[in-house]
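Heads up, the sequence shown is in this note's numbering, so the first residue is 14 and it goes up one at a time.
Notes to accompany the following structure.
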Amino acid sequence: MALTLPRPRFLLALWVAKAAAFLSARLRGGGATALPGLLAERLDPAFVATLAGRLEGGAVLVTGTNGKTTTARLLAEMLAAAGRGAVHNREGSNLTRGVASALAAASDWRGRPRDRRALALMETDEATLPAAAVALRPRAVAFTNLFRDQLDRYGEVDTVAARWRESLALLPPTTTLVLNADDPSVAELVLDWSGPLHWYSLAAARGASSSPGPADARWCRACGGAYRYEARYAAHLGRWSCSGCDRARPEPDTAAAAVESAPDGLRLTVPGLGDLDLPLGGLYNAGNALAAIALARALDLPESAIRDGLAAARPAFGRGELVALDGRRLRLLLCKNPAGASEALRLVEDGEGAVEVAFVLNDRHADGRDVSWIWDVDFERLAGRVKRCWAGGVRAEDAALRLRYAGWPEPVAAASRPAALLEALAHRSGDGPVTVLLTYTALLDLRAELARRGAFSESSGTRIPAATS
Ligand SMILES: [Zn+2]
14 MALTLPRPRF LLALWVAKAA AFLSARLRGG GATALPGLLA ERLDPAFVAT
64 LAGRLEGGAV LVTGTNGKTT TARLLAEMLA AAGRGAVHNR EGSNLTRGVA
114 SALAAASDWR GRPRDRRALA LMETDEATLP AAAVALRPRA VAFTNLFRDQ
164 LDRYGEVDTV AARWRESLAL LPPTTTLVLN ADDPSVAELV LDWSGPLHWY
214 SLAAARGASS SPGPADARWC RACGGAYRYE ARYAAHLGRW SCSGCDRARP
264 EPDTAAAAVE SAPDGLRLTV PGLGDLDLPL GGLYNAGNAL AAIALARALD
314 LPESAIRDGL AAARPAFGRG ELVALDGRRL RLLLCKNPAG ASEALRLVED
364 GEGAVEVAFV LNDRHADGRD VSWIWDVDFE RLAGRVKRCW AGGVRAEDAA
414 LRLRYAGWPE PVAAASRPAA LLEALAHRSG DGPVTVLLTY TALLDLRAEL
464 ARRGAFSESS GTRIPAATS
């Protein structure tokens with residue numbers, strides 16, 4: 014085995030990253046995820062490549078508009094069940110600096126991985142994918158879906174698709190692409206790829222009814238024809254074919270033959286694996302589970318690890334997480350674009366009887382400054398089911414206006430500050446949890462206020478920690 018001396022520049026970057034992580038944990042009581050990696054990458058542009066190259070498990074990337082966090086968490090559970098470690102970038106830090114921070118934290122002071130057999134499991138934004146492809150040389154990359162998302166930050170879906178295609182050219186030819194066969198925009202990647210493929214699909218599922226949600230489908234890139242659908246289960250996802258050429262939804266390698274969905278759990282029937290239970294609700298989580306199963310299969314994880322990993326899953330931060338505060342229960346659902354919000358509403362619809370819903374809308378950079386997307390969300394589907402509702406966030410008045418137009422009852426409150434919203438939520442008489450739909454920074458704000466008040470996360474079984482990013 015060749016012994017190579019660490020480069021001084023690399024060691025300097027590593028030590029600065031570790032010192033920054035240590036100091037920010039001491040000063041803020043939580044782990045800052047971006048700063049250590051940001052400094053390390055400034056000091057040594059090859060930082061991520063150097064550390065990732067020392068992990069014998071290799072790297073896996075998860076990208077796409079929605080479902081990255083849950084898919085990566087499910088795969089991490091499966092890896093743990095197989096006795097394999099994972100170096101995983103933390104929530105909301107899916108730029109390369111977040112990847113650099115995670116790798117630095119998983120290494121000792123000489124840059125040796127604490128667990129050499131571990132695998133780097135990284136969520137990456139569309140914008141970061143090319144750099145991550147080069148630095149991490151992944152064994153597998155999952156593409157979950159392509160929806161319109163924060164247009165002012167990422168540009169149109171065509172721009173994102175173009176960025177994906179550039180990234181393919183940067184991947185090793187042995188990388189396995191794990192592709193959502195139900196999304197024609199994802200399936201088009203095959204036109205630019207001759208390496209290994211693993212397709213997954215939810216469209217065979219019973220109960221995958223046609224959904225009139227917002228469609229972000231484009232024209233067929235091969236012929237310019239329109240996509241048509243035999244069945245659609247969300248937005249432009251479903252059993253599709255092109256009206257102008259012979260392209261159609263590919264035959265999946267991993268598919269759900271049946272899905273039973275409730276707000277708190279799913280049962281998936283997957284050929285080759287049988288019935289799989291996981292304690293996460295919603296059809297979109299069935300899609301995330303299939304993406305994770307497909308990745309696990311691409312990595313040759315044993316069937317028992319797939320089963321045990323799914324059963325051990327807990328909702329990710331703000332993805333259906335149940336929180337208790339002073340006898341009230343809140344179900345937090347992150348929704349950052351029309352497709353995600355419409356899916357969250359469908360999860361509410363799966364519940365029984367009258368429902369109570371709060372919609373918390375911020376317009377900071379990470380949320381997207383333009384809030385016009387809320388008019389593309391199908392709030393109308395819950396008109397008549399909503400017993401009581403609240404509006405919140407920096408743009409509480411816009412949120413309230415949208416709910417009125419959807420035919421919901423007059424909001425109990427339009428509270429721009431998290432503390433005021435929680436006070437307003439206290440004045441209610443319902444039994445079930447209040448579903449709280451939030452944009453990204455609204456979720457961070459509300460969780461900070463919940464932590465201050467000593468709220469308990471029923472999903473993780475612990476108090477909500479003070480700082481999470
Ligand atoms: Zn076509």
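Where is the CB? At the ideal position from N, CA and C, for every residue including glycine.
Exercise. Where residue 252 and residue 52 are concerned, what is the direct C-alpha to C-alpha distance, given to the nearest angstrom?
Worked result: As a first step, residue 252 must be located in the sequence shown, where it is residue number 239. As a first step, residue 52 must be located in the sequence shown, where it is residue number 39. Cα to Cα, the separation comes out at about 46 Å.
Problem set entry | Exposure label - residue 378; buried when at least 16 CB within 10 Å | The residue given as residue 378 occupies position 365 in the sequence shown. That one is exposed.
Exercise. Thinking C-beta only, is residue 310 closer than 8 Å to residue 211?
Worked result: Position 198 of the sequence shown, counted from the first residue, corresponds to residue 211. Position 297 of the sequence shown, counted from the first residue, corresponds to residue 310. Cβ distance < 8 Å, so residue 211 and residue 310 count as in contact.
Exercise. Taking the C-alpha atoms as reference points, what is the distance between residue 24 and residue 178?
Worked result: In the sequence shown, residue 24 corresponds to position 11, counting from 1. In the sequence shown, residue 178 corresponds to position 165, counting from 1. Counting only the Cα atoms, residue 178 lies some 34 Å from residue 24.
For this session: Using the DSSP secondary-structure output, state which residues sit across from residue 282 in a beta bridge.
Result: Within the sequence shown, residue 282 is the residue found at index 269, counting from 1. Per DSSP, the beta bridge partners of residue 282 are 271 and 288.
For this session: Determine which residues share a DSSP beta bridge with residue 347 and list them.
Result: Here the question's residue 347 lines up with position 334 in the sequence shown. According to DSSP, residue 347 shares a beta bridge with 451.
For this session: Report all residues from its chain with a CB closer than 8 Å to the CB of residue 395; omit the five preceding and five following residues, and keep chain order.
Result: Here residue 395 refers to the residue found at position 382 of the sequence shown. Closer than 8 Å at Cβ, skipping near neighbours: 358, 361, 362, 368, 370, 419 and 421.
For this session: Assign residue 333 to one of three DSSP states: helix, strand, or coil.
Result: Position 320 of the sequence shown holds residue 333. Looking at residue 333 - three-state DSSP - the assignment turns out to be strand.
Problem set entry | Best match in 27, 40 and 64 for proximity to residue 497 [C-alpha to C-alpha] | Past the boundaries of the shown model lies residue 497; the chain is included only from 14 to 482, so the question cannot be answered.
For this session: Consider the C-beta atom of residue 235 and the heavy atoms of ligand 1; say whether any pair is separated by less than 7 Å.
Result: As a first step, residue 235 is located in the sequence shown; it is residue number 222 there, counting from the start. Residue 235 has its Cβ nearer than 7 Å to a heavy atom of ligand 1.
Exercise. Do three or more CB pairs link the region 55 to 75 to the region 288 to 295 at distances below 8 Å?
Worked result: Contact fails: fewer than three Cβ-Cβ distances are below 8 Å.
For this session: Determine, using beta-carbon pairs with one atom in the region 93 to 102 and one in the region 148 to 164, whether at least three such pairs fall under 8 Å.
Result: Flag = no, the region 93 to 102 and the region 148 to 164 do not touch.
For this session: Please state if the CB of residue 262 and the CB of residue 233 are separated by a distance shorter than 8 Å.
Result: By 1-based counting over the sequence shown, the position of residue 233 is 220. By 1-based counting over the sequence shown, the position of residue 262 is 249. The answer is no: Cβ separation not under 8 Å.
Problem set entry | residue 427 burial status per 10 Å Cβ neighbour count (16 or more: buried) | For the purposes of this step, residue 427 is taken as the residue at position 414 of the sequence shown. The Cβ neighbour count for residue 427, taken over all protein chains shown within 10 Å, is at least 16; the residue is labelled buried.
For this session: Please state whether DSSP places residue 49 in a helix, a strand or coil.
Result: The count along the sequence shown starts at 1 and reaches residue 49 at position 36. DSSP, reduced to helix, strand and coil, places residue 49 within a helical segment of the structure shown.
For this session: Measure the C-alpha to C-alpha separation of residue 481 and residue 188 and round it to an integer number of angstroms.
Result: Reading the sequence shown from its first residue, position 468 is the one you call residue 481. Reading the sequence shown from its first residue, position 175 is the one you call residue 188. Because residue 481 carries a pLDDT of 47, less than 50, the predicted location of this residue cannot be relied on, and the following value inherits that uncertainty. Cα to Cα, the separation comes out at about 33 Å.
For this session: Just tell me which of 475, 198, 190 and 449 has its CA closest to the CA of residue 175.
Result: Counting from one through the sequence shown, the residue named residue 175 turns up at place 162. It is 198 whose Cα lies nearest to the Cα of residue 175.
Exercise. For ligand 1, is there a heavy atom less than 7 Å away from the beta-carbon of residue 71?
Worked result: Numbered from 1 along the sequence shown, position 58 holds the residue referred to as residue 71. No, ligand 1 has no heavy atom inside 7 Å of this Cβ.
For this session: With DSSP as the reference, label residue 212 as helix, strand or coil.
Result: Start at 1 with the first residue of the sequence shown, and residue 212 comes out as number 199. The answer is strand: DSSP assigns residue 212 an E or B state.
Exercise. What do you reckon, is the C-beta of residue 260 under 7 Å from a heavy atom of ligand 1?
Worked result: Start at 1 with the first residue of the sequence shown, and residue 260 comes out as number 247. Yes; taking the cut-off as 7 Å, the Cβ of residue 260 has a heavy atom of ligand 1 nearer than that.
Exercise. Can you tell me the Cα-Cα spacing of residue 281 and residue 54, whole angstroms?
Worked result: Stepping through the sequence shown from its first residue, residue 281 is reached at position 268. Stepping through the sequence shown from its first residue, residue 54 is reached at position 41. Roughly 42 Å separates the two Cα atoms.
For this session: Given a cut-off of 8 Å, decide if residue 148 and residue 483 are closer than it, judged by their beta-carbon atoms.
Result: One cannot answer for residue 483 here, as it falls past the ends of the chain, which runs 14 to 482.
Exercise. Would DSSP call residue 188 helix, strand or coil?
Worked result: On the sequence shown, position 175 is the one that residue 188 refers to. In this structure, residue 188 counts as coil in the three-state DSSP scheme.
For this session: Determine, using beta carbons only, whether residue 145 and residue 308 come nearer to each other than 8 Å.
Result: Here the question's residue 145 lines up with position 132 in the sequence shown. Here the question's residue 308 lines up with position 295 in the sequence shown. Not closer than 8 Å, so no.
Exercise. For residue 236, is the classification buried or exposed, using 16 other Cβ atoms within 10 angstroms of its Cβ as the cut-off for buried?
Worked result: Position 223 of the sequence shown holds residue 236. Taking all protein chains shown into account, residue 236 has fewer than 16 neighbouring C-beta atoms within 10 Å of its C-beta and is therefore exposed.
Exercise. According to DSSP, is residue 76 helix, strand or coil?
Worked result: Numbered from 1 along the sequence shown, position 63 holds the residue referred to as residue 76. Residue state, collapsed to three classes: strand.
Problem set entry | Beta-carbon contacts of residue 269 that lie in its chain and below 7 Å, excluding the five residues immediately before and after | Taking the sequence shown and counting its residues from 1, one reaches residue 269 at position 256. Cβ within range, chain order: 215, 217, 218, 281, 282, 283, 299 and 303.
Problem set entry | Own chain partners of residue 473 with C-beta closer than 8 Å, once the 5 adjacent residues on each side are dropped | Here the question's residue 473 lines up with position 460 in the sequence shown. Closer than 8 Å at Cβ, skipping near neighbours: 327 and 334.
For this session: Taking only runs that begin and end inside the region 71 to 152, name each unbroken alpha helix (DSSP H) of 4 or more residues, in chain order.
Result: DSSP runs (the alpha helix (DSSP H)) wholly in the region 71 to 152: 81 to 94, 109 to 118 and 142 to 149.
Exercise. Should residue 220 be labelled buried (16 or more other beta-carbon atoms within 10 Å of its own) or exposed?
Worked result: Here residue 220 refers to the residue found at position 207 when the sequence shown is read from its first residue. Its pLDDT being 47, under 50, residue 220 is placed unreliably in this model, and the value from its coordinates should be taken loosely. By the neighbour-count rule (16 or more Cβ atoms within 10 Å), residue 220 is not buried but exposed.
Exercise. Do residue 297 and residue 247 have their C-beta atoms within less than 8 Å of each other?
Worked result: One-based indexing of the sequence shown puts residue 297 at position 284. One-based indexing of the sequence shown puts residue 247 at position 234. It is a contact, given that the beta carbons lie within the stated cut-off.
Exercise. CA-CA distance, residue 239 and residue 258?
Worked result: Numbered from 1 along the sequence shown, position 226 holds the residue referred to as residue 239. Numbered from 1 along the sequence shown, position 245 holds the residue referred to as residue 258. So the alpha carbons of these two residues sit roughly 10 Å apart.
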